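Below: the structure, in structure tokens.
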Amino acid sequence: MKGLNVVLGGAGLAVFLALGEAVPRLGLVKEAYFPPTSRIADALGDEVADSAFWTALGDTLTGWALGLILASCAGIVAGVVISVVPYLREATASTVEFLRPIPSVALIPLAVLLYGTELRSVLLLVVYASFWQVLIQVLYGVQDVDPVADETARSYGLGTWARIRHVLWPTALPYVMTGVRLAAAVALILAVTAELVIGAPGLGARIAIAQNSQAVPEMYALIVVTGLLGLLINVGARTVERRALAWHQSVRGEVMV
Amino acid sequence: MLDVRGLKKVYEGSGRRVEAVRDLTFTVDAGELVCLVGPSGCGKTTLLKCMGGLLAPTGGEVLLEGRKVTGPPPGMSFVFQEYGRSLFPWMRVGENVELPLRQKNLDKARRRELVRDALESVGLSDATSAYPWQLSGGMQQRVAIARALAYEPRVLLMDEPFAAVDAQTRADLEDLVRRLWRERGITILFVTHDIDEAVYLGERVVVLSASPTVVQEQLKVDLPDERDQLRTRVAPRFAELRTHVYEQIQAAKRGVSVTKSDTPPPH
Amino acid sequence: MRLLLLRTVFVFALPTVLVGVWWVASDDSTDVYWPPLRTILETFPDVWTGDRLKDDVLPSVLRLTGGYALAAVVGVALGTVIGSYRRVRAVCEPVLEFLRAVPPPVLVPVIMLFAGIGDTMKVTVIASGCVWPILLNTVEGVRAVDPVMAETARSYGVTGPARLRHVVLRSASPQIFAGLRQALSIGIILMVISEMFAASNGLGFTIVQFQRSFAIPDMWTGILVLGLLGFLLSVVFQLVERRVLGWYHGLRASTRRSS
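Chains as they are written, first to last, in full-length UniProt numbering: chain S, 1 to 257; chain E, 1 to 267; chain V, 1 to 259.
This is the structure in structure tokens:
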């Protein structure tokens with residue numbers, strides 16, 4: 001069954017690539033706008049041989065990883081504090097609901113003025129966008145804490161810190177993982193966007209350069225790279241999440257079969 | 001009315017071949033209330049799904065009023081065990097009952113009349129605009145029964161409908177089925193794994209063997225038409241019939257074929 | 001009554017404090033990039049006049065609406081087809097996973113090649129970024145239709161368009177809405193970015209103009225307007241969601257209580 005799905009999926013991919021080759025060759029769209037698969041592949045080969053490409057990839061990954069780490073730490077700490085301190089959750093709810101939907105790209109002009117094309121510009125956008133993903137999930141997760149477990153812990157005289165460590169954190173962990181997974185995808189989008197629009201060094205900036213110099217196949221090749229990067233991040237994050245969740249259930253779910 | 005002839009169902013998948021139903025033949029006459037009972041996992045649900053046109057049998061056939069069943073026939077309605085998943089949670093009770101009627105191209109007034117009448121007979125006139133999940137399990141199953149009634153079926157197939165409700169509710173629902181059957185003259189085929197329920201409800205009990213399923217025995221229930229949770233269940237005749245069915249099922253589990261007969265055990 | 005009062009206090013206390021802090025902290029600011037909040041608010045009515053709303057905000061909102069609606073229709077339609085057939089799903093899955101993973105803003109340069117720099121480009125950019133979360137969530141939702149519900153529908157002759165409308169799409173609607181919500185934030189991002197790239201009007205264009213001409217308080221008002229727009233759209237979305245998915249929230253609350 002699974003084997004069949006792999007074959008079918010492979011066939012789908014092959015058809016997709018073949019269409020990408022055939023459509024421009026048959027003149028259905030202009031080759032100048034939509035180069036055939038083989039030319040994109042050639043361009044990709046040239047990119048891979050170019051050290052500047054690897055530098056750009058490194059820049060993008062740096063912005064992504066730093067931003068994601070900052071946003072995750074901030075989101076987890078803020079989420080736990082908001083949940084633990086009495087009344088803080090109620091008091092912050094309206095502010096969170098207001099700030100969360102503000103599009104991070106609104107900060108682009110500010111980032112340009114403050115930091116120009118530095119890494120900090122990228123970080124500002126990435127952190128703002130990913131922070132909310134983590135925070136919201138942490139808040140959901142803490143809400144899921146079994147009140148009986150919490151009261152038991154209280155009745156045995158566990159302090160705030162011990163309760164966070166032994167009751168709150170284990171319950172919230174799967175939600176935190178989900179938050180970080182969602183944040184990882186958002187962080188890549190914003191990192192590439194910042195590079196593309198502001199011109200901070202990275203894959204996005206390289207795409208902008210390719211666009212301005214009419215290097216269409218290179219532009220497509222770079223877009224494919226960002227897609228593969230996104231795919232790797234998604235698959236990686238899901239794998240990590242599944243591992244963490246499996247561990248989680250085996251620890252607390254003896255009753256569950 | 002309903003003829004099952006040489007029904008056979010084999011599931012095939014991922015290299016395994018499971019014979020769920022081997023060779024089943026029985027009939028249900030018009031206006032009868034027949035209970036199918038058998039050991040758990042004996043393919044009762046498979047059989048009922050074949051009869052309802054939800055599954056295609058591997059061999060044999062099912063005839064409704066002389067016509068072969070190839071898909072869900074319009075004169076037949078189905079009540080599932082999992083009421084919680086059989087009612088649509090996004091529709092109110094009234095809409096749930098009405099949805100199948102829309103497919104029948106009935107005009108609005110007629111539809112409304114049928115919905116009102118069906119909900120009234122199950123005692124849920126007040127719940128029309130509630131959502132199913134706002135009701136208790138027993139009430140949800142009543143809604144499912146109302147939906148089946150509103151469909152104006154000649155045959156009603158019920159697949160262990162009360163297996164998931166508590167004992168008190170179950171007794172009420174059993175009496176409801178008896179009453180509806182007598183008032184409306186519908187043919188009912190009721191599948192259960194509960195022997196008491198089968199004997200209490202049925203005019204006839206068909207005992208199935210363990211999988212691969214065949215008919216182990218058919219038994220006429222000669223209890224009075226008026227049945228009562230208190231008196232019927234303690235009647236000596238009820239105990240005799242129940243014991244008999246129980247023995248048949250034990251035999252079925254062991255795979256022993258006890259003499260087939262259409263006669264009930266002697267008094 | 002007291003409860004209501006308490007809730008009102010909770011809703012407004014922190015925002016008031018934050019705005020207050022901003023106001024006081026920035027009041028004697030001489031930093032060009034961080035003008036006093038007082039200046040920003042004073043500039044606001046001068047910048048965002050009725051004409052400006054009509055010439056810049058309205059076109060942006062229309063582009064977003066157009067692209068988003070297009071993505072919703074295409075995403076739900078394609079997603080329903082792909083989700084309904086196991087084989088089709090297996091064939092499409094790797095390609096869809098890849099297309100979803102492409103950061104949507106990089107599509108702007110590509111679509112500019114085909115569609116120039118007009119409104120078509122912007123609507124296409126927004127639609128092509130929003131479509132993936134909607135499509136993939138619809139596939140998941142349609143695939144997960146409860147087998148008992150599907151059988152119920154079949155046994156009562158609910159088939160074809162009625163089945164699609166009353167059973168499949170309704171049952172998938174919580175998932176579809178999750179996709180629509182993700183798509184909304186992507187849509188706003190793409191609206192702004194496509195206007196920053198090439199436009200002669202729109203919110204994104206205007207804010208970048210302010211920044212390039214160093215009209216800093218004006219730029220700040222623009223950021224505020226974008227923030228407000230994001231907030232308003234999310235409120236509208238929640239209202240619609242609560243209406244359409246009222247049953248779902250009720251169902252979840254009732255299963256949570258009983259478990």
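C-beta atoms are modelled at their ideal positions from N, C-alpha and C, and glycine is treated no differently. If you're wondering where the values come from, they're calculated on a predicted model, not measured in any experiment.
| said: Determine, for S:T95, whether the minimum Cβ-Cβ distance to residues of chain V falls below 8 Å. | reply: yes
| CB of E:P73 within 8 Å of CB of E:Y151, strictly | no
| task | Tell me, please, whether the CB atom of S:Y128 is closer than 8 Å to any CB atom in chain V? | result | no
| task | Report the residue from V:L203, V:A199 and V:Y248 whose alpha carbon sits nearest the alpha carbon of V:V47. | result | V:L203
| said: Does the contact criterion of 3 or more C-beta pairs under 8 Å hold for the stretch 214 to 224 of chain V versus the stretch 33 to 42 of chain V? | reply: yes
| Beta-ladder partner(s) of E:Q218, from DSSP | E:V206
| request: At 9 Å on the CB atoms, spell out the chain V contacts of E:P74, in chain order. | output: G157
| query | Among the residues of its own chain, which have a CB less than 8 Å from the CB of E:G202, if the five just before and after it don't count? | reply | L33, V34, C35, F190 and V221
| Excluding five sequence neighbours on each side, which residues of the same chain lie with their C-beta closer than 6 Å to the C-beta of V:I188? | G230
| DSSP beta-bridge partners of E:R5 | E:E61
| query | Using Cβ-Cβ distances below 8 Å, what residues of the stretch 9 to 24 of chain V are close to chain S? | reply | F10, V11, F12, A13, L14, P15 and L18
| With 16 as the cutoff for other CB atoms within 10 Å, does E:R111 come out buried or exposed? | buried
| If you draw a straight line from the alpha carbon of S:A22 to that of V:D56, how long is it in whole angstroms? | 41 Å
| field | Contiguous alpha helix (DSSP H) assignments of at least 4 residues, all confined to the stretch 60 to 144 of chain E | value | 83 to 86, 93 to 102 and 108 to 121
| query | Excluding five sequence neighbours on each side, which residues of the same chain lie with their C-beta closer than 6 Å to the C-beta of V:S128? | reply | L107
| said: If I measure Cβ to Cβ from E:P132 and keep anything under 7 Å in the same chain, skipping five residues before and after, which residues do I get? | reply: L87, P89, V93, N96, Q140 and V143
| Would you report the Cα separation of S:V15 and V:V95, rounded to the nearest angstrom? | 10 Å
| message | Which residue wins for smallest C-alpha separation from S:V186, given the options S:L222, S:A221, S:G63 and S:A41? | response | S:G63
| said: Which residues does DSSP list as the beta-bridge partners of E:G13? | reply: E:R16
| message | I need the boundaries of the alpha helix (DSSP H) containing V:P21, first residue and last residue. | response | Sequence inspection shows Val at residue 21 of chain V; the Pro mentioned does not correspond to that position. It spans R2 to S26 - the alpha helix (DSSP H) in which V:V21 sits, taken as one unbroken run.
| task | Grab me the residues of S:I233's own chain with a C-beta within less than 7 Å of its C-beta, minus the 5 sequence neighbours each way, in chain order. | result | A184, A185 and L188
| query | So the alpha helix (DSSP H) V:F231 belongs to, where does it begin and stop? | reply | I216 to V244
| field | Collapsed DSSP secondary structure at E:T45 in the structure displayed | value | helix
| said: What does the Cβ neighbour count give for E:D159, buried or exposed, with the cut at 16 atoms within 10 Å? | reply: buried
| What three-state label does DSSP hand V:I111 in the structure shown? | helix
| What does S:T95 pair with, by DSSP beta-bridge criteria? | DSSP lists no partner for S:T95.
| field | Rounded separation between V:I82 and V:V73 - CA only | value | 14 Å
| Leaving out five residues before and five after S:F131 in sequence, what residues of the same chain have Cβ atoms less than 7 Å from its Cβ? | A71, A74 and G75
| task | Mind reading off the beta-carbon distance from E:L2 to E:C50? Whole number of angstroms is fine, and I expect it under 8 Å. | result | The pair is not a contact, with the Cβ atoms about 12 Å apart (cut-off 8 Å).
| Is it the case that the Cβ atoms of E:L64 and E:G71 are separated by a distance below 8 Å? | no
| message | For V:P35 and S:Y128, I'd like the C-alpha separation in whole angstroms. | response | 21 Å
| said: By the three-class DSSP mapping on this structure, what secondary structure does E:D23 have? | reply: strand
| query | How is E:D159 classed by DSSP in three states: helix, strand or coil? | reply | strand
| Cβ of E:G59 within 8 Å of any chain V Cβ | no
| So what does DSSP say about V:E102, is it helix, strand or coil? | Here residue 102 of chain V is Val; the residue named in the question, Glu, does not match the sequence. Residue state, collapsed to three classes: coil.
| Just curious, the alpha helix (DSSP H) that V:F205 is in, first and last residue? | L203 to R212
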